[in-house]
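In UniProt numbering, the protein residues as written are 1 to 806.
Glycine included, each C-beta is placed from N, C-alpha and C at the ideal position.
All values reported here derive from a predicted model rather than from experimental measurement.
Working notes, structure below.
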Amino acid sequence: MDRIDEADENNKAQHSASSVVALAVKGNKKSKYVVQWALNKFVPEGMIIFKLIHVHATIKGVPTPMGNMIPLSQVRNDVATAFKKEVEWQTNQTLLPFKRMCEQRKVHVDVVMIESDDVVTAVAEEVAKGAITKLVVGASSRGIFKSKHKGMSAKISVCTPRFCTVYAISKGKLSIRPSDMQIEGSTVDDASETSFSSNSSSNYTSSSQTESGSVSSYAGLHSSSLATQRFQALSSINQSLISATPSLVDTNHSRGQSLDLGRENTATTSSARNSDIDNALSRASSCKSFISDTESWINDPNSGKDVQLATTLPSPSRQAKFNLELEKLRIELRHAQGLHAVAQSENIDASRKLNDLSKRRSEETMKMKEIIVKEEMAKELAKQEREKYQSAAREASYLKESAEREAAERKETELKVIRAAKEKEKLEDALRGSTPQYRKFTWDEIVSATSSFSEDQRIGMGAYGIVYKCNLYHTTVAVKVLNTNGNRKSKQFQQELEILSRIRHPNLLLLLGACPDHGCLVYEYMENGNLEDRLIRKNNTAPIPWFERFRIAWEVASALSFLHSSKPESIIHRDLKPANILLSHNLVSKIGDIGLSTMLHSDMSTMYKDTEPVGTLCYIDPEYQRTGIISPKSDVYAFGMVILQLLTAKPAIALAHKVETAVEGGNLTDILDPEAGTWPFQETLELAQLGLSCAEIRRIDRPDLNDHVLPTLEKLKEVADRAQRSASIVTIKTKPPNHFICPILQDVMDDPCVAADGYTYDRKAIEKWLQENDKSPMTNMALPHKNLIPNYTLLSAILEWKSRET
1 MDRIDEADEN
11 NKAQHSASSV
21 VALAVKGNKK
31 SKYVVQWALN
41 KFVPEGMIIF
51 KLIHVHATIK
61 GVPTPMGNMI
71 PLSQVRNDVA
81 TAFKKEVEWQ
91 TNQTLLPFKR
101 MCEQRKVHVD
111 VVMIESDDVV
121 TAVAEEVAKG
131 AITKLVVGAS
141 SRGIFKSKHK
151 GMSAKISVCT
161 PRFCTVYAIS
171 KGKLSIRPSD
181 MQIEGSTVDD
191 ASETSFSSNS
201 SSNYTSSSQT
211 ESGSVSSYAG
221 LHSSSLATQR
231 FQALSSINQS
241 LISATPSLVD
251 TNHSRGQSLD
261 LGRENTATTS
271 SARNSDIDNA
281 LSRASSCKSF
291 ISDTESWIND
301 PNSGKDVQLA
311 TTLPSPSRQA
321 KFNLELEKLR
331 IELRHAQGLH
341 AVAQSENIDA
351 SRKLNDLSKR
361 RSEETMKMKE
371 IIVKEEMAKE
381 LAKQEREKYQ
391 SAAREASYLK
401 ESAEREAAER
411 KETELKVIRA
421 AKEKEKLEDA
431 LRGSTPQYRK
441 FTWDEIVSAT
451 SSFSEDQRIG
461 MGAYGIVYKC
471 NLYHTTVAVK
481 VLNTNGNRKS
491 KQFQQELEIL
501 SRIRHPNLLL
511 LLGACPDHGC
521 LVYEYMENGN
531 LEDRLIRKNN
541 TAPIPWFERF
551 RIAWEVASAL
561 SFLHSSKPES
571 IIHRDLKPAN
581 ILLSHNLVSK
591 IGDIGLSTML
601 HSDMSTMYKD
611 TEPVGTLCYI
621 DPEYQRTGII
631 SPKSDVYAFG
641 MVILQLLTAK
651 PAIALAHKVE
661 TAVEGGNLTD
671 ILDPEAGTWP
681 FQETLELAQL
691 GLSCAEIRRI
701 DRPDLNDHVL
711 PTLEKLKEVA
721 DRAQRSASIV
731 TIKTKPPNHF
741 ICPILQDVMD
751 DPCVAADGYT
761 YDRKAIEKWL
771 QENDKSPMTN
781 MALPHKNLIP
791 NYTLLSAILE
801 WKSRET
């Protein structure tokens with residue numbers, strides 16, 4: 001019973017191995033067709049286990065972005081492992097569609113990936129290792145069996161073991177290389193019939209063929225009736241054969257007993273059975289040779305006399321004994337055949353067990369390899385996690401240091417801001433104190449400098465005062481003495497003094513000092529007088545070129561924008577006109593006479609109602625005249641009239657109407673000032689249109705100074721600057737203004753600063769002086785402190801003068 005159970009287990013193992021279908025796939029479109037054909041062919045037959053065999057080339061190096069290959073021996077182990085994993089993942093992705101095709105048909109799929117440069121040998125070894133009996137491959141359109149050893153499929157079919165059937169698929173064509181499995185046969189005897197199967201694997205093909213040859217020879221002996229009849233006839237007369245029969249019978253009888261004993265003792269080992277089979281087959285072979293020799297002896301012509309002699313000596317009893325012996329030999333042969341079949345079955349079972357053990361061994365090997373790979377992957381993951389932890393630790397440490405550094409920097413910055421705020425507050429307190437920051441002159445100094453207000457030194461006269469040119473402390477200045485008109489004098493004087501003492505701009509007239517007791521203001525001296533006198537060419541002065549007029553318009557607009565955006569109080573000039581625009585020696589324009597200005601507080605609206613309109617006719621805002629409401633757009637109206645006068649050099653009366661008529665009629669060039677040179681038509685037209693828009697009757701129609709007027713003038717100024725450079729006007733270097741000269745160095749100051757005595761010095765010179773002295777260099781009186789206040793307005797004027805002199 002144990003032997004039967006073992007045989008059943010071997011049969012099941014063989015059945016499971018024979019139910020596996022191997023598919024050699026490359027991963028292209030042809031492979032998809034091969035898998036589809038295999039599913040349609042073998043799934044209906046019960047083949048539900050597929051093995052996909054894919055062979056890829058051996059990895060010998062790692063590619064680089066430049067297209068080169070670095071051998072594996074020259075790269076780090078982690079890089080090589082990562083590259084191999086990448087190749088394995090790409091291969092799995094390539095085979096994934098085929099696995100899904102099989103899983104959709106409920107077919108179990110095993111994927112075998114082999115790394116080898118010899119595809120044929122790798123496939124053949126995998127088939128032999130798994131004892132696979134069916135292999136499906138793709139072939140070229142010419143098939144694998146039409147040309148010998150040319151295609152890959154042909155080479156695979158040649159090298160695949162002979163027990164495996166190879167199916168080659170190509171575009172609807174099928175080529176089959178059948179296996180060499182033995183077909184079941186039978187041997188027929190005169191008295192009985194015995195059947196046996198010789199199917200086995202290719203490992204036992206040669207031995208089964210030898211044994212089958214012996215059995216077939218013996219069967220041929222019994223199927224030959226002529227040889228038997230000859231032998232029976234010859235046995236009764238051949239004395240030599242009869243004499244040899246008893247020993248043969250006895251020998252065979254003893255052997256028959258041993259065979260009977262062999263039949264009874266079924267528990268003997270397979271080696272004893274094989275020995276009995278060999279003895280039986282050898283006796284059958286000797287019997288066959290004996291009968292063949294007898295037949296040849298009977299057929300021999302020279303033996304005629306012996307035949308005749310034998311026929312004369314019949315012996316029926318010995319003939320019967322000889323027939324009995326033949327019958328025993330037949331029984332012995334049948335028994336030998338049965339033993340042979342049993343031995344062959346045991347060999348098949350052993351082969352199946354060996355294949356099963358080999359398969360299990362390969363599976364265990366694959367599991368061991370997978371375990372090793374997983375262990376390597378676990379080590380690699382652990383290494384990566386360790387590196388990530390270390391990197392995170394370093395990053396956390398860096399972030400902590402950065403946070404501490406930023407906190408320290410922030411704290412230091414906050415301290416600097418606090419110190420700067422305190423310094424700014426001190427400076428603002430100094431600039432906005434109850435006492436205006438200006439130099440006070442005595443009345444005697446003013447009288448002495450103007451030679452008791454001599455007519456020879458008078459350079460101008462206005463509605464609110466007379467202007468004299470004089471020298472104060474080696475500086476040429478302009479002294480404005482207000483008319484003695486009580487309240488109006490005091491109000492205008494205090495307003496102009498308050499505004500000019502706390503604001504500075506390169507295009508606002510610089511206030512140098514004042515004599516509050518007698519209403520005198522001391523300004524910087526402007527060599528070229530006011531713009532109105534230069535436009536009408538009073539005293540035959542040189543004309544102003546058109547490009548200088550473009551620049552003057554931009555400078556006046558910049559000064560107005562500065563006044564309007566002043567903080568905390570916006571300043572409106574209210575009396576802007578060419579007579580109040582003064583020109584320096586290099587035609588730099590500065591707005592003066594801001595005594596009539598109005599300051600709008602931040603909590604007020606952008607308009608202010610004044611019940612007493614002031615200003616100059618033709619420059620006063622029409623809405624201001626009608627309603628008494630003043631706003632920054634009032635200065636825009638006056639600036640528009642200034643632009644039109646810069647273009648035409650004509651009086652302001654009805655000038656807007658004249659320019660508008662000329663523009664509409666295309667006759668703008670007829671009213672332009674010809675003394676300014678050749679006007680660029682397009683830019684001049686744009687400036688005229690800007691002036692007309694600023695001089696609109698309604699305030700709402702006038703453009704915004706910052707959003708529209710200044711950008712347009714800046715563009716025109718660039719055109720004027722290019723024209724000025726191309727004109728190559730030769731300028732003669734002039735002597736610097738006296739207030740640019742440092743009293744200590746007697747040279748132009750690089751960094752002007754105001755000392756405690758009210759005088760302006762070069763910073764380096766006064767600092768050096770204060771290190772050794774506590775008295776003023778000008779008055780020789782003790783200084784209350786040694787603090788210095790930068791004079792940014794004077795510095796801007798000095799830088800502008802230097803840029804024009806270079």
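Considering just the uninterrupted stretch of the alpha helix (DSSP H) at residue i, what are its terminal residues?
i	result
residue 159	152-159
residue 79	77-104
residue 473	Residue 473 -> no alpha helix (DSSP H), and no H or E assigned at all.
residue 762	No alpha helix (DSSP H) holds residue 762; the beta strand (DSSP E) holding it covers 760-762.
residue 583	Residue 583 -> not in any alpha helix (DSSP H); beta strand (DSSP E) instead, spanning 581-583.
residue 671	668-671
residue 119	119-130
residue 22	From DSSP, residue 22 is part of no alpha helix (DSSP H) but of the beta strand (DSSP E) over 20-24.
residue 446	443-449
residue 35	29-42
Report buried or exposed for residue i, applying the criterion of at least 16 other Cβ atoms within 10 angstroms of its Cβ.
i	result
residue 593	buried
residue 340	buried
residue 814	Past the edges of the chain, shown from 1 to 806, lies residue 814, and the structure says nothing about it.
residue 368	exposed
residue 784	exposed
residue 544	buried
residue 803	exposed
residue 657	exposed
residue 567	exposed
residue 799	exposed
residue 654	exposed
residue 576	buried
residue 509	buried
residue 790	exposed
residue 684	buried
residue 385	exposed
residue 89	exposed
From the DSSP secondary-structure annotation, give me the bridge partner or partners of residue i.
i	result
residue 775	782
residue 110	51
residue 164	DSSP output for residue 164 lists no bridge partner at all.
residue 752	762
residue 56	115
residue 478	469 and 523
residue 439	513
residue 169	138 and 174
residue 741	748
Where do the ends of the beta strand (DSSP E) carrying residue i lie?
i	result
residue 524	520-524
residue 884	Given a span of 1 to 806 for the chain in the structure shown, any question on residue 884 remains unanswerable.
residue 696	From DSSP, residue 696 is part of no beta strand (DSSP E); its letter is neither H nor E.
residue 711	It is not in any beta strand (DSSP E) - residue 711 instead sits in the alpha helix (DSSP H) that spans 710-727.
residue 569	569-572
residue 174	173-177
residue 134	134-138
residue 702	Unbroken run through residue 702: none, as it is neither H nor E.
residue 459	458-461
residue 61	61-63
residue 71	69-71
Using a Cβ-based criterion (distance less than 8 angstroms to any ligand heavy atom), does residue i qualify as near the ligand COA?
i	result
residue 80	With respect to the ligand COA, the structure offers nothing, as it holds no ligand at all.
Are there three or more Cβ pairs, one per stretch, closer than 8 angstroms when the segment 499-515 is compared with the segment 782-798? yes
Where in the segment 492-552 do unbroken runs of the alpha helix (DSSP H), each at least 4 residues long, occur, reported from the N-terminal end onward? 531-535
Would you call the segment 769-786 and the segment 510-518 in contact, with 3 or more CB pairs under 8 angstroms? Judged by Cβ distances under 8 angstroms, the segment 769-786 makes no contact with the segment 510-518, as fewer than three pairs qualify.
Count the CB pairs spanning the segment 656-664 and the segment 685-693 that are closer than 8 angstroms, and state whether there are at least three. yes
Any alpha helix (DSSP H) of 4 or more consecutive residues that is wholly inside the segment 628-687: Runs found: 632-648, 655-665 and 668-671.
Segment contact, 8 angstroms Cβ cut-off, at least three pairs: the segment 124-143 with the segment 151-171: yes
Answer yes if the segment 519-530 comes into contact with the segment 689-704, meaning at least three C-beta pairs across the two stretches below 8 angstroms, and no otherwise. Not touching, per the Cβ criterion.
Three or more C-beta pairs closer than 8 angstroms, one from the segment 153-161 and one from the segment 43-51: is that the case here? Fewer than three pairs of CB atoms, one per stretch, sit closer than 8 angstroms, so the segment 153-161 makes no contact with the segment 43-51.
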